[in-house]
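A.B. asks: My questions all concern the structure below.
Below is the structure:
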């Protein structure tokens with residue numbers, strides 16, 4: 001039996017045809033299918049998507065149930081899930097409550113989940129290799145990076161201190177966040193599209209999204225997002241500390257280390273990598289300053 005026929009039978013579609021490998025047009029609307037080869041990862045995604053919808057602000061692309069009320073169908077060596085496919089993107093500015101509600105729910109679930117699933121290690125620390133690479137680059141570049149490494153030491157130390165202050169709290173286990181484009185719009189409700197990847201215990205995805213938000217929409221808008229996260233009990237002090245700790249890790253310099261180690265790299269390539277990394281470095285510092293100031297204000301209010 002072909003996959004299309006198998007899906008029509010299990011989801012009781014009268015008509016269906018593939019638009020591409022992942023999208024179908026059916027008599028019940030446009031659908032997206034996702035393929036899974038790991039059952040533990042699939043099971044984790046089923047639970048988090050069911051748990052993180054928050055009425056009336058947020059929907060997550062949960063697995064549509066079959067006629068037997070199953071969230072998937074078996075297919076060959078894996079499983080297939082079906083989801084609603086939405087085309088319109090969700091707004092950012094002016095919709096801070098919806099965004100903050102979703103992020104708060106995501107973090108809260110990530111703290112509480114007990115799923116036995118192997119976590120993905122998404123982010124390396126290539127920047128740690130830069131000090132050993134300094135002798136092979138031009139003196140001007142070496143001087144710039146030597147100054148950066150002094151601040152790297154300070155940032156990493158501060159990050160470690162914040163992790164200690166957070167005590168037994170762990171960074172939540174979450175699905176990867178790559179872009180605001182994962183958010184679609186259904187009747188003014190935020191509809192979030194998840195991945196098919198193993199979850200990560202990292203704030204790096206949210207950090208990148210906050211960096212984007214701060215640059216595009218400013219502090220006032222981002223503050224509304226963070227305030228809402230706090231309101232839905234998804235961002236207590238300890239989690240804010242862990243988030244800031246993640247923001248302090250100088251991932252921006254990974255690109256420089258990778259460029260220097262390329263066999264065909266030119267001086268111009270290294271200069272461009274350093275320039276780009278320093279721009280990102282400044283953006284990260286602004287985010288850390290913003291989040292630290294916001295947390296300090298919350299602490300002052302709570303002690304009055």
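Residue numbers (the UniProt record's numbering): 1 to 304. C-beta: ideal position from N, C-alpha, C; glycine also.
Report all residues from its chain with a CB closer than 6 Å to the CB of residue 269; omit the five preceding and five following residues, and keep chain order.
C.D. replies: In the chain shown, the residue the question calls residue 269 occupies position 269. If we look at residue 269 and ignore the five residues flanking it on each side, its Cβ neighbours are 259.
A.B. asks: With a threshold of 6 Å on Cβ separation, who are the neighbours of residue 62 within its own chain once the five nearest residues in sequence on each side are excluded?
C.D. replies: Translated into positions along the chain shown, residue 62 becomes position 62. Once the five neighbours on either side are set aside, the close Cβ partners of residue 62 are 49 and 50.
A.B. asks: Go ahead and label residue 304 buried or exposed: buried means 16 or more other beta carbons lie within 10 angstroms of its beta carbon, across all protein chains shown.
C.D. replies: As a position in the chain shown, residue 304 is number 304, starting the count at 1. Confidence is the limiting factor: at residue 304 the pLDDT is only 48, short of 50, which leaves the residue's position unreliable, though a coordinate-based value still follows. With fewer than 16 other Cβ atoms within 10 Å, it is exposed.
A.B. asks: Alpha carbon to alpha carbon, how far is residue 19 from residue 163?
C.D. replies: Sequence index remark: in the chain shown, residue 19 carries index 19 (1-based). Sequence index remark: in the chain shown, residue 163 carries index 163 (1-based). Rounded to the nearest angstrom, the two C-alpha atoms are 48 Å apart.
A.B. asks: Is it buried or exposed, residue 130, if we count other Cβ atoms within 10 angstroms and call 16 or more buried?
C.D. replies: In the chain shown, residue 130 corresponds to position 130, counting from 1. Flag for residue 130 reads buried.
A.B. asks: Which of the three DSSP states is assigned to residue 218 in this structure?
C.D. replies: In the chain shown, counting from the first residue as 1, residue 218 sits at position 218. Helix, per DSSP.
A.B. asks: For residue 194, count the other beta carbons within 10 Å of its own beta carbon; 16 or more makes it buried, fewer makes it exposed. Which is it?
C.D. replies: To locate residue 194, count along the chain shown from 1; it is residue 194. Residue 194 should be labelled buried.
A.B. asks: From the DSSP output, read off the bridge partner residues of residue 30.
C.D. replies: Taking the first residue of the chain shown as 1, we reach residue 30 at position 30. Residue 30 pairs with 25.
A.B. asks: Within the continuous beta strand (DSSP E) that includes residue 73, where are the two ends?
C.D. replies: If you number the chain shown from 1, residue 73 lands on position 73. Element bounds for residue 73: 73-75.
A.B. asks: Is it the case that the Cβ atoms of residue 272 and residue 246 are separated by a distance below 9 Å?
C.D. replies: Residue 272 sits at position 272 when you count from the first residue of the chain shown. Residue 246 sits at position 246 when you count from the first residue of the chain shown. At a Cβ-Cβ threshold of 9 Å, residue 272 and residue 246 do not count as neighbours.
A.B. asks: Based on DSSP bridge pairs, tell me the residues matched to residue 78.
C.D. replies: Residue numbering aside, residue 78 sits at position 78 when the chain shown is read from its first letter. In DSSP, residue 78 forms a bridge with 75.
A.B. asks: Just reading off the beta strand (DSSP E) that residue 245 is part of, what are its end residues?
C.D. replies: Along the chain shown, read from residue 1 onward, the residue named residue 245 stands at position 245. Element bounds for residue 245: not the beta strand (DSSP E) but the alpha helix (DSSP H), 237-248.
A.B. asks: Can you tell which of 5, 254 and 229 has the C-alpha that lies nearest to the C-alpha of residue 133?
C.D. replies: On the chain shown, residue 133 is found 133 positions in, with the first residue counted as 1. Checked all of 5, 254 and 229; the closest Cα to residue 133 is 254.
A.B. asks: Based on Cα-Cα distance, which residue from 236, 237, 89 and 114 lies nearest to residue 173?
C.D. replies: Taking the first residue of the chain shown as 1, we reach residue 173 at position 173. Comparing Cα positions, the closest option is 114.
A.B. asks: Please say whether residue 102 and residue 52 have beta carbons closer to each other than 9 Å?
C.D. replies: Start at 1 with the first residue of the chain shown, and residue 52 comes out as number 52. Start at 1 with the first residue of the chain shown, and residue 102 comes out as number 102. Yes, they are a contact pair.
A.B. asks: Kindly indicate which residue of 288, 191, 170 and 40 has the alpha-carbon position closest to the one of residue 108.
C.D. replies: Here residue 108 is taken as the residue at index 108 of the chain shown, counted from 1. Among 288, 191, 170 and 40, the Cα nearest to that of residue 108 belongs to 170.
A.B. asks: Out of 60, 116, 228 and 12, which one is the CA nearest neighbour of residue 186?
C.D. replies: Counting from 1 along the chain shown, the entry for residue 186 is found at position 186. For residue 186, the nearest C-alpha among the options comes from 60.
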